[in-house]
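Below you'll find the structure, written out as structure tokens, and then a few comments.
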Amino acid sequence: MSDDLNDKFSKVDVFFEMFEEMLERQNKYVRRLIEKELEELKQTFSDQHPLREVVVPAIDERIVKIKAELNDVSGDTIVKAIRKQIKESQSDMIDALFPIIGKLIKKYISVEMERLSENINRQIDNTFSFASIKREFLSLFGIKEKDQLLKQAAAPTIEEVYVIYQDSGLLLGQYTLTDITDHDLIAGMLTAIKSFVKDTFQQEGETGDLDTIEYGTFKIILTNFHRYYLVVVVSGVVDLHFKENVLEHMRTFGEQHLAELSSEALQNKDFSSNLKDHWQHFKNVDPLTKRANEFTSHVKQKSNFDWKFWRW
Amino acid sequence: MSSQAMLSKKVILIGNFGVGKTSLTERFVHKRFSDEYLTTLGVRIDKKEVVVAHTKINLVIWDIAGEVTQKKVNKSYYLGASGVIYVFDLTRPVTYASITAEISYVKETLPQAKVVLVGNKLDLVEEAPTVEAPFHYHLTSAKTGESVEAVFQDLATKLI
Chain D
482 MSDDLNDKFS
492 KVDVFFEMFE
502 EMLERQNKYV
512 RRLIEKELEE
522 LKQTFSDQHP
532 LREVVVPAID
542 ERIVKIKAEL
552 NDVSGDTIVK
562 AIRKQIKESQ
572 SDMIDALFPI
582 IGKLIKKYIS
592 VEMERLSENI
602 NRQIDNTFSF
612 ASIKREFLSL
622 FGIKEKDQLL
632 KQAAAPTIEE
642 VYVIYQDSGL
652 LLGQYTLTDI
662 TDHDLIAGML
672 TAIKSFVKDT
682 FQQEGETGDL
692 DTIEYGTFKI
702 ILTNFHRYYL
712 VVVVSGVVDL
722 HFKENVLEHM
732 RTFGEQHLAE
742 LSSEALQNKD
752 FSSNLKDHWQ
762 HFKNVDPLTK
772 RANEFTSHVK
782 QKSNFDWKFW
792 RW
Chain X
195 MSSQAMLSKK
205 VILIGNFGVG
215 KTSLTERFVH
225 KRFSDEYLTT
235 LGVRIDKKEV
245 VVAHTKINLV
255 IWDIAGEVTQ
265 KKVNKSYYLG
275 ASGVIYVFDL
285 TRPVTYASIT
295 AEISYVKETL
305 PQAKVVLVGN
315 KLDLVEEAPT
325 VEAPFHYHLT
335 SAKTGESVEA
345 VFQDLATKLI
């Protein structure tokens, strides 16, 4: 090998050494940079507060964006899906909703009819006074025919009548138009409810008692007679006049059949046939007819004397 | 009340909480109202017709809720009762510890009523404990039905 070649090799060696040294420096520099970056990251993660400041607003912003997107996209989708479902299964929807809505409508109509009926009666009372009978007897005083027809259409019906022994709650007779649950159990439960209400709500010195229970379009009217009580279950629109008539009818029954009964020995008497006789012909006397009857009776009483006078 | 005339009698079931009053009536009756009444009104009414010596008796049974008869039971539920079934639990002495006092109270409240004592949950004891009771008591198991019918028959017999 010549000296020239040796010289060239030695120069290459020097170059490599320099290159190696340069790479080493570069490595050191990069390592320092990485270490610095790592240190900064460590610092960022170890200190939660600055991280929270960065992350939380970003998450909030994202949530708001998602909500807005949901409202825009999913809201429409959901509404469309519900509409489609309703359209495709209308009968199912009706089956599901009818019992609830039906009851509400029935109750609403019942209450409204009751109000209407009360208004009509009030109108009759206001206009058909005893003093004005002579003057306006043949007219209906502004009571429209349709109102009268409406009132007739919603006429209340007596569904059940019970005579119950107050203390024991034993049923002593019933007049019934419907085939409902065992009447003995109903009599017992009504007595328990009556006692419960009395014991719970009665205040010192008070002698009141439960007199009406309402359930949907049913009204249960209760009246005490000595050691017994009468229960009348009515369906339909029950206005004050009807209730008064029922109470009057109950009182008559009580006076005719229960007044003298106070002995334990009569506890098991069956009043069913008496109830049937008494209640099957029950008629709701409307206030107009009632007033007219009172007037007729009054005139009749007066005219008895006058007629004799005039005949004479 | 059925169309055929028959005696109707109110019977009340009393005793401490958890002695098995409701289970006894469930074993016995045909017709009953929901248990909800027991928690809301404190009473549930059941009915059973029994025949004693060719006489039909309509027992209307008031299952009265309450821990101790003298203190917590609605007294108006006692009114007019012809028969009383006092139930105690054979596995819990506390339910029959004051039985004599309880029965005295019942007798004071309902002097005319016929009272039957019942030691229930016989299926849970190997040997029935001796209970200091004012008179004979029935041993029953509402679970197996043992002697349940006999309790009501015994009371019905006393009622006619």
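Protein chains in written order, with the numbering used here: chain D, 482 to 793; chain X, 195 to 354. We treat Cβ as the ideally placed atom computed from N, Cα and C, and that holds for glycine.
CB of residue i within 8 Å of CB of residue j, strictly
i: Val246(X); j: Ile354(X); result: yes
i: Val342(X); j: Leu218(X); result: yes
i: Ile582(D); j: Met574(D); result: no
i: Lys215(X); j: Asp257(X); result: yes
i: Ile208(X); j: Val254(X); result: no
i: Val325(X); j: Gly313(X); result: yes
i: Ala275(X); j: Ala327(X); result: no
i: Thr303(X); j: Tyr280(X); result: no
i: Gly697(D); j: Lys588(D); result: yes
i: Ile645(D); j: Thr681(D); result: no
i: Lys204(X); j: Ser649(D); result: yes
i: Gly654(D); j: Phe752(D); result: yes
i: Ala336(X); j: Arg221(X); result: yes
i: Asp660(D); j: Asn252(X); result: no
i: Asn602(D); j: His730(D); result: no
i: Gly289(X); j: Val213(X); result: The question names Gly, yet the displayed sequence has Thr at residue 289(X). Yes, the Cβ-Cβ distance between Thr289(X) and Val213(X) is below 8 Å.
Beta-carbon separation (whole angstroms), residue i vs residue j, contact threshold 8 Å
i: Ser716(D); j: Thr638(D); result: 5 Å
i: His332(X); j: Val319(X); result: About 14 Å separates the two Cβ atoms, so there is no contact after all.
Close Cβ partners of residue i (< 8 Å) along its chain, the five nearest in sequence each way excluded
i: Pro287(X); result: Pro323
i: Gln683(D); result: Gly689
i: Glu595(D); result: Val718, Val719 and Asp720
i: Leu691(D); result: Ile674, Lys675, Val678, Lys679 and Leu703
i: Phe699(D); result: Glu640, Val714, Val715 and Ser716
i: Val495(D); result: none
Own chain, CB closer than 6 Å to residue i, minus 5 neighbours either side, in chain order
i: Val727(D); result: Ile702 and Val713
i: Tyr656(D); result: Val642, Leu756, Lys757 and Trp760
i: Phe611(D); result: Confidence at Phe611(D) is low in this model, with a pLDDT of 49, below 50, so the placement of that residue should be treated as unreliable; the coordinate-derived value is given next. Once the five neighbours on either side are set aside, Phe611(D) has no close Cβ partner at all.
i: Ser778(D); result: none
i: Arg564(D); result: none
i: Lys489(D); result: none
i: Ile544(D); result: none
i: Thr294(X); result: Pro328
i: Phe618(D); result: Residue placement at Phe618(D) cannot be trusted, given a pLDDT of 48 that sits under 50; the coordinates are not used to answer.
i: Asp240(X); result: Thr219, Val223, Arg226 and Ile255
i: Gln524(D); result: none
i: Lys517(D); result: none
Pick from the options that is closest to residue i, judged by C-alpha positions
i: Ser270(X); options: Gly236(X), Lys250(X) and Ala295(X); result: Gly236(X)
i: Asn210(X); options: Lys352(X), Thr303(X) and Ala291(X); result: Ala291(X)
i: Gln347(X); options: Ala259(X), Lys250(X), Tyr299(X) and Ser335(X); result: Lys250(X)
i: Lys242(X); options: Asp317(X), Leu201(X), Thr334(X) and Gly212(X); result: Leu201(X)
i: Ser598(D); options: Lys724(D), Asp576(D), Val493(D) and Ile515(D); result: Lys724(D)
i: Gln737(D); options: Phe706(D), Asp576(D) and Met499(D); result: Phe706(D)
i: His330(X); options: Leu349(X), Asp317(X) and Glu321(X); result: Leu349(X)
i: Leu739(D); options: Arg708(D), Lys764(D) and Tyr510(D); result: Arg708(D)
i: Ala636(D); options: Ser591(D), Val545(D), Ile667(D) and Tyr510(D); result: Ser591(D)
i: Ile206(X); options: Ile293(X), Val300(X) and His248(X); result: Val300(X)
i: Leu651(D); options: Leu711(D), Glu593(D) and Arg512(D); result: Leu711(D)
i: Leu311(X); options: Glu321(X), Thr334(X) and Pro305(X); result: Thr334(X)
What are the complete beta strand (DSSP E) segments, minimum 3 residues, inside the stretch 680–729 of chain D?
693–696, 699–706 and 709–716
Any chance you could list the beta strand (DSSP E) runs of at least 3 consecutive residues sitting entirely within the stretch 488–557 of chain D, in chain order?
List check, beta strand (DSSP E) in window: nothing returned.
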